[in-house]
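Accompanying notes for the structure given below.
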Amino acid sequence: MNSVEVTNLTKIFKTQVSNNITALDNVSLSIGEGIIFGLLGPNGAGKSTLMNCIIGYLNPDKGKILLKGDDTSELNLKYRLHIGYVPQEIALYQELTAIQNLKIFGSFYDLPAKVLNERISSALHLVKLEDRKSDLVKNFSGGMKRRLNIAVSILHNPEIILCDEPTVGVDPQSRNAIFDMLKELNKQGKTILYTTHYMEEAERLCNKLAIIDNGKIIAEGTLSELIALLEKRETIKIRKAPASEKMIESLKKIGEVTETDFHYEIIPNNSNSKNSELFNELEKLQLPSHLLELSSASLEDVFLMLTGRSLRD
Ligand SMILES: Nc1ncnc2c1ncn2[C@@H]1O[C@H](COP(=O)(O)OP(=O)(O)O)[C@@H](O)[C@H]1O
Ligand SMILES: [Mg+2]
-6 MNSVEVTNLT KIFKTQVSNN ITALDNVSLS IGEGIIFGLL GPNGAGKSTL MNCIIGYLNP
54 DKGKILLKGD DTSELNLKYR LHIGYVPQEI ALYQELTAIQ NLKIFGSFYD LPAKVLNERI
114 SSALHLVKLE DRKSDLVKNF SGGMKRRLNI AVSILHNPEI ILCDEPTVGV DPQSRNAIFD
174 MLKELNKQGK TILYTTHYME EAERLCNKLA IIDNGKIIAE GTLSELIALL EKRETIKIRK
234 APASEKMIES LKKIGEVTET DFHYEIIPNN SNSKNSELFN ELEKLQLPSH LLELSSASLE
294 DVFLMLTGRS LRD
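With the first letter of the sequence shown counted as 1, position 256 gets the number 249 in the working numbering; the numbers rise by one all the way through.
And the structure:
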């Protein structure tokens, strides 16, 4: 069982200058075996604190963490060998080459040289850095450093991988490469906990999600379960154009119209009314169909509904 079970976890940072900070407030999460679990939340929500508690760098004030069914507070810290941790801040020797970094970090695990060399080769292959292995890390792009950091963190073949905001400061190509490699690791049976403040990433990558805000889990489930929390699953958008501008008064009869730079957005008066009925109404107005856009609800909408704030703020 490659599972992590977090129950009623509370972590309070005592600070000298300001009030105490409750970074985790009674957090419970069930990270089932073999899934990619996304922990989504804005900066300061408590994501890194949770990971640091799981890996054992921080001691929680209350609550417990079960790793594969065993209470981590009662385990020898060797339990960390089951976990691969990719920290939010890149942790590599910048003045050394990629392969030198892999050899140094790999030497911590007491592996026979042959096994370590094989692991290094397959990690380099996975993160697509084989052809750059002899280059100094300081000359790598942000995305390449991040990929190397992932390679370094899996040399001991952990069953559970914690990835803390691995795509921050990363170019789109590396971002896709990181997604591919996490999916590949997951396919090999590894459980992945992935934190991010980009909801698109969580939507794209994760089978199960939790939203964290101010140290509290405010929602948990699959993407469709979270979207189902919303009353309004889809929004009708009408592009601003002379044709639609003329109809604005009629559109207001259908529902509440809000305006953005390029669109009118309609929230139907009757929130239960189906979009098909709404489209009939719009057809009667003879609004050109190319001005119409239907956008599905997203995690961003779920976050907005639960907190009253946008995740991007
Ligand atoms: N070592 C620390 N000492 C004091 N406060 C901390 C410490 N680490 C984190 N915090 C505070 O705890 C809260 C959660 O931080 P963090 O877990 O880093 O959030 P996230 O990773 O979601 O951005 C923030 O308010 C942060 O300032
Ligand atoms: Mg963080």
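The beta-carbon is built from N, C-alpha and C at its ideal position, and this holds for glycine as well. Every value quoted in this text rests on a predicted model; they were computed, and no experiment measured them.
Straight-line Cα distance separating residue j from residue i
{"i": "Leu59", "j": "Asn1", "result": "12 Å"}
{"i": "Met298", "j": "Asp124", "result": "47 Å"}
{"i": "Ile29", "j": "Tyr191", "result": "15 Å"}
{"i": "Ser127", "j": "Gly135", "result": "17 Å"}
{"i": "Ile171", "j": "Leu109", "result": "22 Å"}
{"i": "Ser288", "j": "Ile229", "result": "6 Å"}
{"i": "Lys131", "j": "Ala195", "result": "30 Å"}
{"i": "Ile204", "j": "Ala106", "result": "42 Å"}
{"i": "Ile153", "j": "Lys201", "result": "15 Å"}
{"i": "Ile83", "j": "Ser217", "result": "33 Å"}
heavy atom of ligand 2 below 8 Å from residue i C-beta
{"i": "Glu158", "result": "yes"}
{"i": "Lys4", "result": "no"}
{"i": "Thr188", "result": "yes"}
{"i": "Gln81", "result": "yes"}
{"i": "Lys277", "result": "no"}
Range of the contiguous beta strand (DSSP E) that encloses residue i
{"i": "Asn19", "result": "Ile14 to Ile24"}
{"i": "Ile143", "result": "Unbroken run through Ile143 is the alpha helix (DSSP H), Gly135 to Ser146; no beta strand (DSSP E)."}
{"i": "Leu186", "result": "Thr184 to Thr189"}
Interface flag, residue i vs chain C, CB-CB below 9 Å
{"i": "Glu82", "result": "In the structure shown, chain C does not exist; there is a single protein chain."}
Where the alpha helix (DSSP H) through residue i begins and ends
{"i": "Cys46", "result": "Lys40 to Ile48"}
{"i": "Gly77", "result": "Careful: Gly77 lies outside any alpha helix (DSSP H), inside the beta strand (DSSP E) at Ile76 to Val79."}
{"i": "Leu70", "result": "Here Leu70 belongs to no alpha helix (DSSP H), and DSSP marks it neither H nor E."}
{"i": "Phe316", "result": "Since the first residue of the chain shown is -6 and the last is 306, residue 316 is not available in this structure."}
Selection from the options that minimises the alpha carbon distance to residue i
{"i": "Ser146", "options": "Lys209, Asn200 and Gly77", "result": "Gly77"}
{"i": "Thr215", "options": "Ile14, Asn12 and Ile24", "result": "Ile24"}
{"i": "Asn283", "options": "Tyr50, Ile231 and Gln9", "result": "The sequence as given places His at residue 283; Asn does not occur at that position. Of the candidates Tyr50, Ile231 and Gln9, the one whose C-alpha sits nearest the C-alpha of His283 is Ile231."}
{"i": "Leu222", "options": "Lys96, Asp294, Glu177 and Lys201", "result": "Asp294"}
{"i": "Tyr72", "options": "Lys277, Ile259, Val(-3) and Glu274", "result": "Val(-3)"}
{"i": "Pro35", "options": "Thr65, Ala91 and Asp157", "result": "Asp157"}
Proximity test, residue i beta-carbon vs ligand 1 heavy atom, cut-off 8 Å
{"i": "Gln181", "result": "no"}
{"i": "Leu43", "result": "yes"}
{"i": "Lys55", "result": "no"}
{"i": "Lys209", "result": "no"}
{"i": "Thr300", "result": "no"}
{"i": "Ile48", "result": "no"}
**Study point:** beta strand (DSSP E) runs wholly inside the segment 221 to 291, at least 3 long, in chain order
**Key:** Correct list: 227 to 232, 248 to 252, 256 to 261 and 285 to 289.
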